[in-house]
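Sequential numbering from 472 applies to the sequence shown in the working numbering.
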Amino acid sequence: MRQLVSSGSPFEGEIGFSRAVRSGNRIEVSGTAPIRDGKTAGIGDAYEQTKACLEIIIKAVEAAGGEASDIIRTRTFITDMSLWKQAARAHGEIFGDIRPASSFIGTNALINPEWLVEIEASAEIEG
C-alpha cells in the first residue's frame, strides 16, 4: 500500500514531492517549512516556526492514518544554531512524552530566507 498525502503546498507540484508518503505501516514526512495560510509563520522566531512545522507534520501523519505518538524520528534543520534552544523548546512541548529520536542540524540556508527551521519526520503505525 502506498498513500500520498498533500498539504496543498505550491512546492509539491513544482518539485514533485508529497508532504508525506505512507508505505505499509511507515509514514515519511518531507522537509516541512513554517508556512501558515501561504505565508511564513513567526518571521524571526525559531520557536513559532518550529511549532508551525510540527503542526503541519502532525496533520500529515494524521491524514496518513497515524497520530503524533507514532512519530519515531524528527530532523530539525536550523539556519542559526544559536537559536536551537528556541526550536528545542517548541519540540519538547509537543514531543516531551513521546520522545522520538531527534537531530538538530545546522545549515547555511533554506529555500526561503525567512525560514529559520525546516523539519522532517518519520512515523510507524503499530499493527
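C-beta atoms are modelled at their ideal positions from N, C-alpha and C, and glycine is treated no differently.
Fill in: C-alpha gap between Ser-489 and Ser-501, whole angstroms
Approximately 7 Å, taken between the alpha carbons.
| query | So Gly-515 and Ala-523 are in contact, right, with Cβ under 8 Å, and what is the actual spacing, rounded? | reply | For Gly-515 against Ala-523, the beta-carbon gap comes to about 13 Å, at or over 8 Å, which does not count as contact.
Under 8 Å Cβ to Cβ from Glu-519, same chain only, skipping five residues before and after it: list those, please. Excluding five sequence positions before and after Glu-519, the CB atoms of its chain that fall closer than 8 Å to its own CB belong to Pro-505, Ala-512, Gly-513, Ala-561, given in chain order.
- prompt: With DSSP run on the structure shown, which of helix, strand or coil describes Arg-560?
  reply: If DSSP states are grouped into helix, strand and coil, Arg-560 belongs with the helices.
| query | Nearest-angstrom Cα distance between Ile-590 and Ile-527? | reply | Taking the straight line joining both Cα atoms gives about 10 Å.
Worksheet item: With distances taken from CA atoms, which of Leu-475, Ser-593, Glu-538 is nearest Ser-573?
Response: Taking only the C-alpha atoms, the option nearest Ser-573 is Ser-593.
inquiry  = So for Phe-488, helix, strand or coil by DSSP?
reply    = It is coil, neither helix nor strand.
_Opening and closing residue of the beta strand (DSSP E) in which Ile-549 lies_ = 542-549 is the span of the beta strand (DSSP E), which, as asked, contains Ile-549.
### Query
So who's on the other strand from Ala-592, going by DSSP bridges?
BP columns for Ala-592 point to Val-500, Thr-545.
Inset, instruction - Could you work out which residue in Met-552, Thr-547, Gly-479 is closest to Asp-508 when comparing CA atoms only? - result: For the residues Met-552, Thr-547, Gly-479, the minimum Cα distance to Asp-508 belongs to Gly-479.
Next item on the list: Might you give, ordered along the chain, the residues of its own chain that have their beta carbon closer than 6 Å to the beta carbon of Glu-499, omitting 5 neighbours on each side?
Entry: For Glu-499, where only same-chain residues beyond five positions count, the Cβ hits under 6 Å are Val-492, Ser-593.
Rounded separation between Pro-571 and Leu-525 - CA only: Just so you know, the alpha carbons of Pro-571 and Leu-525 end up roughly 13 Å apart.
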